[in-house]
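Structure first, then comments.
Numbering (our numbering), first residue to last: 6 to 118.
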């Protein structure tokens, strides 16, 4: 699965603006990590230098952390696996294209949760 398929548009609770995020659960699944989701979350989000309500926020509605695009990039680099670098390169291509493959299609590929 490509990383663009798990990008969602969510209202940031701090700024009240809609932003693109990726669910920590979906990213963990996509990375096919050999550590548990709890360990992945603690290591890459909660104990990291990511800033709460800026780089990530907790969504009670879906019981997961929503990660900003820059947080996802940082996590992919820290994971340092073949799969994480493939996903990092996909993310870089999306950014360089201005997310056009997602946004031009009338947001059909982006969930508006």
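Heads up, the beta-carbon is just placed ideally off N, CA and C, and yes, glycines get one too.
Once you ignore the five residues that flank residue i on each side, which residues in its own chain have a CB closer than 6 Å to its CB?
i	result
residue 62	18, 71
To the nearest whole angstrom, what separates the beta carbons of residue i and residue j, a pair I think is in contact under 8 Å?
i	j	result
residue 80	residue 49	5 Å
residue 46	residue 92	Rounded, the Cβ-Cβ distance is 17 Å, inconsistent with contact.
Buried or exposed: where does residue i fall if 16 or more other Cβ atoms within 10 Å of its Cβ makes it buried?
i	result
residue 100	exposed
residue 77	buried
residue 20	exposed
residue 113	Caution is warranted here: a pLDDT of 47 is assigned to residue 113, below 50, making its placement in the model unreliable, and no coordinate value can be reported.
residue 69	buried
residue 51	exposed
Is there at least one non-hydrogen atom of the ligand SAH closer than 6 Å to the beta-carbon of residue i?
i	result
residue 82	The ligand SAH is not part of the structure shown, which contains no ligands of any sort.
May I ask you to list the residues that DSSP assigns as paired with residue i?
i	result
residue 16	23
Output needed for residue i: all residues of its chain with C-beta closer than 8 Å, excluding positions within five of it in sequence on either side, in chain order.
i	result
residue 37	88
**Asked** What are the uninterrupted segments assigned as beta strand (DSSP E) that are 3 or more residues long and contained completely in the stretch 19-56, given in chain order?
**Response** 23-28
**Request:** Could you pull out every unbroken alpha helix (DSSP H) segment of at least 4 residues lying fully inside the stretch 61-85, listed in chain order?
**Result:** 74-84
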